[in-house]
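First up is the structure itself, then whatever we jot down about it.
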Amino acid sequence: MASFLNNASFYLSEAGVMVDPVETSLGMFRMTGYVLKQACLAGITSAMAVRNPVVLTQALSGLDRVFQLGNQSYLATSASVLMHEPLDIEPTALAATHIVATTSLISGQYLQDTIERYLATDDVFSEDFLQVILVSSNHSSTVDASARNLAESLGSRILQLPPESAKLPPGPILLQSDGSIRFSRVSRLYTDVYSTFVSGIYESNGTYKPLSLVDPAWGHPLIPVPSRLYSEGDPRPLAGARVGVKDIYDVAGLRTALGSKAWARMVSDAESTAPSIQCVVDLGGVLVGKQKTSQFASGALAWEWTDVYHPQNPRGDGCLSCSASSAGGACSIAGYEWLDFAIGSDTGQSVRQPAAFAGVYGNRPSQGMMNLEGVMPISYGTDTAGVFARDPRQLAKFARAWYTSSLHQGSDMNGLPDLHVPSTGGSPKRILYPVDQLPLRNPAAEAVLQGFLDRVTEAMGMTIEKINATAKVESVTGRSYESFLADLGTLWRYTQLKVVGKPFLDFYSPDFPIMELPFRSSWKNSTLDHDEHDRALQRRRRDSDVWHEEVLFGTEDSCSEAIMLYDIGTGGLPSFREEYLNDGPDAAVPEGPGTRRAGSTLASFLGSADYTIPIGQVPYYSKVTHQEHSLPVTINMMVKRGCDFVLFDFIEELADKGILMPVSTGRKAFV
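For my numbering, count along the sequence shown from 1 and bump the result up by 698.
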């Protein structure tokens, strides 16, 4: 029972008469029910002429309810019930708005300004929630005649709550009386039109539940998104941020499917949430859905996905690839204004390349930046956790809060020295331009890159030095690039085969479960060689040390004296999700992770921090629509391991100078 109702008085402002206080909470609930019933009978009938009534459409588990206001669907959840007490009154459901007053006099102007602010800042709130206006304050407030007149003109009624009810969050509320009184938070249900989510999720009764509702026309998942107004006054750095989570991270109450139907049948729901994801929640983030991944987070190309339909890229003609692995997260950020961040993982290039294909910001942090307990592994030595965002400043804010030292991964997991991450440091002085990775294949995209570099060097006082990255690796490590790649392959195969592959195959033996192309032969014929894995880790440690001493090194003035550039995309050419569309000189299939031409290999093996950055767009001709569309152009910036926050400072400074910009959702990254 809500304690703020005890011995409290309610006012029905339209009636202009104070309801006498009652001595018991149950009596107050009955009086509340009476007031609500009278509000409905006296005022809401007239409101129906100007706004949509609540239509309860579906009961889910417990007290969770789906309802409609006009053509828009919402979810009210039992975990968010704010008052609940048995009561014998007629069933009623009203869409209400709670306003926490910050003034002693609630005037019509104050009410109007607040409603306009709600409409301007929140996509869940609408005028349909003005059937009843609930007003509370931390101190005694008076509702004057102008406020009552405004409410009447809106076809609404004001219900003034006692001061203690200010702990009720501001914003849209579903008010129900069906044998009890419940004030519940609501979420708007958005349709995942780009097929980027496995399902929506919501918190109910202390755990998370999948929302198994879909759009009836196309079967797209519905994603529950709570009001942004609920986080007003919350000082936490991620308060109210809506976050999607790649479906390799455990979330309590949900099944982690790893993009595999056979794996989903084998495992049960997670009993706890991965520390990395719990940290997001503790920082104020709101988890809204599990997002698609290629099977076991592989590098499978779009046409190689079997169990899960490949996400659709909002950019250009709508037929571009989203890359692999964390593809769902990248393309959701490119497609939906209602989503703020998406959590991915990056072993080979699984955040960085999807970010490039979708034209959004995405990072691979320094190796060891995040505890990955409760996350499906590929390689304990090279797995990392990254994030997608549309705004470089917002990504930096998220990352600074999320990558706390208390969640750093120990050297016993990755074989590298324990991580030291300075919070500040001087900006890099040089830009390394690898001639074996650049220029971009599309001359128009290379022109965008050169214009970007001209602005960066002038604004930041930097110089550009051309190097051959492959030759540099061989010279500083003293071994061939093929040997370097072979060790990376050993690291990538060992952990996942041991922790995921072998248990998976044993469970289905003597049958062989359905798997995507990258695993059909590799897992069937592979053996575990612990000693070779350890030797590869030792060689990687040596290579990483010398790389960060001789190439991406620090000085007294700079955490990372240089930034290395490379292209993780397709050189400014489109890459389509249908294989045959990539034939010919005007399209391209991306370089596979861990190959000689893949610049992403360096950060994956050496543990450096790496960031995908949208810098512009170029036109391309679509073989599907037979029209010209826009393709994002991105570049990657890599710095010394441990210099993540300094790179974020650098990126933010470029944003402050107008050199980097937030990207938009939809067909064009920049409009």
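Every residue gets a Cβ at the ideal spot worked out from N, C-alpha and C, and that includes glycine.
- D948 and S970 do touch by the CB rule: their CB atoms are close to 7 Å apart, below 8 Å.
- In terms of Cβ geometry, T1363 and G1033 form a close pair [threshold 8 Å].
- As for any alpha helix (DSSP H) of minimum length 4 sitting wholly inside the segment 1210 to 1251, the runs are 1215 to 1218, 1220 to 1223, 1228 to 1248, ordered along the chain.
- Comparing alpha carbon positions, the residue from G806, C977, T894, G983 closest to P1012 is T894.
- In the three-state reduction of the DSSP assignment, L909 falls in the strand class, which pools E and B.
- Its Cα nearest to that of G1016, the residue V1322 stands out among I1349, V1322, D1347.
- Taking the Cβ atoms as the reference, L1263 lies roughly 16 Å from P1090, outside the contact range of under 8 Å.
- Rounded to whole angstroms, the Cβ separation of S1125 and R1339 is 17 Å, and the two are not in contact under 8 Å.
- Linking V1337 to D890 through their CA atoms gives a straight-line distance of about 35 Å.
- Taking C-beta atoms under 8 Å as the contact rule, A1145 and E1350 fail to qualify, at a distance of about 26 Å.
- By the neighbour-count definition (other C-beta atoms within 10 Å, threshold 16), H1231 is a buried residue.
- Unbroken alpha helix (DSSP H) runs of no fewer than 4 residues, entirely contained in the segment 931 to 1001, are found at 959 to 964, 973 to 980, following chain order.
- In the DSSP annotation of this structure, S844 is not part of any beta strand (DSSP E); the continuous alpha helix (DSSP H) holding it starts and ends at 843 to 851.
- In this structure, the beta-carbon distance from V822 to P868 does not fall below 8 Å.
- The residue among G1269, I1041, H1118, A1087 with its C-alpha nearest the C-alpha of A1142 is G1269.
- Excluding residues up to 5 positions away in sequence, P1126, K1127, R1128, F1251, G1252, T1253 lie with their Cβ nearer than 7 Å to the Cβ of E1259 in the same chain.
- Looking at the DSSP output, P1201 sits in no beta bridge, so it has no partner there.
- For the set Y1078, S992, G1297, T1102, the Cα lying nearest the Cα of L1138 is the one of G1297.
- Per DSSP, the beta-bridge partners of G1314 are V1331.
- With fewer than 16 other Cβ atoms inside 10 Å of its own Cβ, L1226 counts as exposed.
- In the three-state reduction of the DSSP assignment, V1085 falls in the strand class, which pools E and B.
- Ranked by how close their Cα comes to the Cα of V941, the residues D1081, A1054, R1088 have R1088 in first place.
- In this structure, S1043 keeps its C-beta atom at 8 Å or more from the C-beta atom of A1022.
- Counting the other Cβ atoms within 10 Å of the Cβ of D1081 gives 16 or more, which makes it buried.
- Per DSSP, E901 lies in no alpha helix (DSSP H) segment; the continuous beta strand (DSSP E) that holds it begins and ends at 895 to 902.
- Beta-bridge partners of I856 (DSSP): I831.
- Cβ neighbours of M964 within its own chain (closer than 6 Å, five residues either side excluded): F1205.
- Annotation: L1105 to C977 spans about 9 Å, alpha carbon to alpha carbon.
- Under DSSP, K1164 forms a beta bridge with Y1131.
- Per DSSP, the unbroken alpha helix (DSSP H) holding L1183 starts and ends at 1179 to 1194.
- Under the DSSP assignment, F1348 falls in the alpha helix (DSSP H) whose first and last residues are 1342 to 1354.
- Judged by DSSP in its simplified three-state form, V1337 adopts strand.
- Annotation for N1112: the continuous alpha helix (DSSP H) segment containing it runs 1109 to 1112.
- Within the model, the alpha-carbon separation for I831 versus L1070 is close to 45 Å.
- Excluding the 5 residues flanking it on each side, F1274 has same chain C-beta neighbours closer than 7 Å at C1017, L1018, S1019, N1280, A1285, in chain order.
- In the three-state DSSP reduction, D1116 falls in the coil class, being neither helix nor strand.
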